[in-house]
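Those protein sequences? They're chains R and G, same order as listed.
As numbered in my numbering, residues 1 to 227 make up the first sequence, in order.
As numbered in my numbering, residues 1001 to 1179 make up the second sequence, in order.
Just so you know, even glycine gets a beta-carbon here, dropped at the ideal spot from N, CA and C.
Nothing here was measured: the structure is a model prediction, and the numbers come from that model.
The structure appears right after this line, and notes come after that.
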Amino acid sequence: MFRLEKYFPTSDKNVLASVLILIFLEVKMKFSLLNECRQSITEDDIYEAMKKIPGYLDITPSDSMELYRAAFDHAMSTLKNAIKADQVMTRKVITVSEDTALMEVVHKMADNEISGVPVLKEDGTVAGVISEKDFLKRMNDDKKPSFMRVVLQCLETKGCIAADFKNLTARDIMSSPAINISVQTPILEVADLMDKKNINRVPVVDNQSRLVGIIARSDLVQTLCSF
Amino acid sequence: MLFFQKMKGGGKRGPSRVGYSEIAWSWIGAFLGITPIAFISSCFFHNTDLVFIVGSFGASAVLIYGAVRSPLAQPRNLVGGHILSAFIGVLSYKLFYPFPWFAAAFAVATAIALMHATGTLHPPGGATALIAVIGGEKIHVLGFMYVLVPVTLGVAIMLLVALVVNNLAKNRRYPEYWY
Chain R
1 MFRLEKYFPT
11 SDKNVLASVL
21 ILIFLEVKMK
31 FSLLNECRQS
41 ITEDDIYEAM
51 KKIPGYLDIT
61 PSDSMELYRA
71 AFDHAMSTLK
81 NAIKADQVMT
91 RKVITVSEDT
101 ALMEVVHKMA
111 DNEISGVPVL
121 KEDGTVAGVI
131 SEKDFLKRMN
141 DDKKPSFMRV
151 VLQCLETKGC
161 IAADFKNLTA
171 RDIMSSPAIN
181 ISVQTPILEV
191 ADLMDKKNIN
201 RVPVVDNQSR
211 LVGIIARSDL
221 VQTLCSF
Chain G
1001 MLFFQKMKGG
1011 GKRGPSRVGY
1021 SEIAWSWIGA
1031 FLGITPIAFI
1041 SSCFFHNTDL
1051 VFIVGSFGAS
1061 AVLIYGAVRS
1071 PLAQPRNLVG
1081 GHILSAFIGV
1091 LSYKLFYPFP
1101 WFAAAFAVAT
1111 AIALMHATGT
1121 LHPPGGATAL
1131 IAVIGGEKIH
1141 VLGFMYVLVP
1151 VTLGVAIMLL
1161 VALVVNNLAK
1171 NRRYPEYWY
């Protein structure tokens, strides 16, 4: 299991807690908010904090603030690189191959209660990913496919729009090329990627581009909460 | 424009005033630190050609009894800064004594540079270097002896007192680091 203590060797629960909050902020709320957090410490806060420390501190409040901000940035960059993809990814990945019949893909996804599967080529590299979104796209022509659009279409035409799935294979509807990450990608970059590309899972590949795991959005959240 | 802008200062203010116990401990430390040196100086060195106390000790007292946490007040800086500066001061006088103004300026400037380079910056060191040049005949005749007595011996006594007194105070700890 992932242990935060391993990366931040301190027994101080408060320190760990604040580290956790920082990671959480980073993942959930993105940089703008974190930056606000960093900027929200004012010279007055520093001044009050300095008053709490007995003895004469040979540093001005404005220098202390500069120091605080530099340290904050350093901590953030450490955090960004501390946890790599292979520490949070799921290793047992349910996959399909390019030639798998779409019916079987649907079965696999339904039986395993997953919302997406990587599609592999014969050599084990990732050809693409199939997610619920790909089915939705297939089921209506709208540029912004959604479940409700499908329902609407279904009600209006009174026909089964999934009928033509029977003759298709995974290759036909997968999103490709796949957006992959390496085992060494820091998870905060992964979170960033998911946001930018608007995807919910991303395959993790080794040096030879072979699939070794997968990270879903929920894995990221779980990592942070399991601590 | 930036040049003048910089003169306005960036921050709002300096550090807050220290508490009363801090003031009291500073007073006690300085008093006990200067006492042995001044006492020995006036009782035993009064009628000799030797010197046991120099002005820069007063400056060191500000740091090691009044700003205990300062990097400038740590043993490495206190001892290293004084010894290096004393040496530079004597050397500067010996080399440039026909031009006292130059010897004085050279001594202080070089002392600062050397303290910076060795990570031993200690402001009173500048005074120690300067005194070696402008301290008068009594100092000049000491030659490099000036480095040992009064400087090193005096500093050692003050350091000893700082170790005892500062660690008696509940809110103090000295040193932050030795080296």
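Does the beta carbon of residue i come closer than 9 Å to any beta carbon on chain G?
i: residue 67 of chain R; result: no
So that I know if they touch, is there some Cβ in chain R lying closer than 9 Å to that of residue i?
i: residue 1077 of chain G; result: no
i: residue 1012 of chain G; result: yes
i: residue 1067 of chain G; result: yes
i: residue 1018 of chain G; result: yes
i: residue 1073 of chain G; result: yes
i: residue 1042 of chain G; result: no
i: residue 1070 of chain G; result: yes
i: residue 1021 of chain G; result: yes
i: residue 1015 of chain G; result: yes
Using the C-alpha atoms, what's the distance from residue j back to residue i?
i: residue 66 of chain R; j: residue 72 of chain R; result: 10 Å
i: residue 1 of chain R; j: residue 78 of chain R; result: Annotation note: pLDDT 44 at residue 1 of chain R (below 50); position unreliable, no value reported.
i: residue 1049 of chain G; j: residue 1148 of chain G; result: 15 Å
i: residue 1174 of chain G; j: residue 1018 of chain G; result: 17 Å
i: residue 147 of chain R; j: residue 198 of chain R; result: 16 Å
i: residue 1115 of chain G; j: residue 1138 of chain G; result: 26 Å
i: residue 227 of chain R; j: residue 201 of chain R; result: Reliability of the predicted coordinates at residue 227 of chain R is poor, the pLDDT of 44 falling under 50, and no value is obtained from them.
i: residue 1006 of chain G; j: residue 63 of chain R; result: 15 Å
i: residue 69 of chain R; j: residue 50 of chain R; result: 16 Å
i: residue 1035 of chain G; j: residue 1160 of chain G; result: 13 Å
i: residue 1109 of chain G; j: residue 191 of chain R; result: 54 Å
i: residue 1103 of chain G; j: residue 1038 of chain G; result: 28 Å
i: residue 1157 of chain G; j: residue 1179 of chain G; result: 18 Å
i: residue 228 of chain R; j: residue 1063 of chain G; result: Only positions 1 to 227 of chain R appear in this structure, which leaves residue 228 of chain R out of reach.
i: residue 109 of chain R; j: residue 189 of chain R; result: 27 Å
i: residue 150 of chain R; j: residue 193 of chain R; result: 28 Å
Cβ of residue i within 9 Å of Cβ of residue j?
i: residue 1052 of chain G; j: residue 1060 of chain G; result: no
i: residue 1056 of chain G; j: residue 1126 of chain G; result: yes
i: residue 104 of chain R; j: residue 115 of chain R; result: no
i: residue 1070 of chain G; j: residue 56 of chain R; result: yes
i: residue 1072 of chain G; j: residue 58 of chain R; result: yes
i: residue 127 of chain R; j: residue 182 of chain R; result: no
i: residue 1142 of chain G; j: residue 1077 of chain G; result: no
i: residue 1165 of chain G; j: residue 1079 of chain G; result: no
Just checking residue i against the ligand ATP - is the residue's beta carbon closer than 8 Å to any of the ligand's heavy atoms?
i: residue 1166 of chain G; result: As far as ligands go, the structure on display features none, and thus does not contain the ligand ATP.
Tell me which residues of the stretch 44-62 of chain R have at least one Cβ-Cβ distance to chain G shorter than 9 Å, keeping chain order. Among the residues of the stretch 44-62 of chain R, those with a Cβ less than 9 Å away from any Cβ of chain G are 44, 47, 48, 50, 51, 53, 54, 55, 56, 57, 58, 59, 60, 61 and 62, in the order of the chain.
Going residue by residue through the stretch 1121-1162 of chain G, where are the continuous alpha helix (DSSP H) segments of at least 4 residues, counting only ones entirely within it? Listed in chain order, they are 1124-1134 and 1137-1140.
Which runs of the alpha helix (DSSP H) spanning at least 4 residues fall entirely within the stretch 47-102 of chain R, listed in chain order? List check, alpha helix (DSSP H) in window: 61-82 and 85-88.
Which residues, taken in chain order from the stretch 1149-1175 of chain G, show a beta carbon closer than 8 Å to some beta carbon of chain R? Identification of residues in the stretch 1149-1175 of chain G having a C-beta nearer than 8 Å to some C-beta of chain R yields 1171 and 1172, given in sequence order.
As an exercise, report each continuous alpha helix (DSSP H) stretch of at least 4 residues that is fully enclosed by the stretch 1068-1101 of chain G, in chain order. Runs of the alpha helix (DSSP H) inside the stretch 1068-1101 of chain G: 1075-1096.
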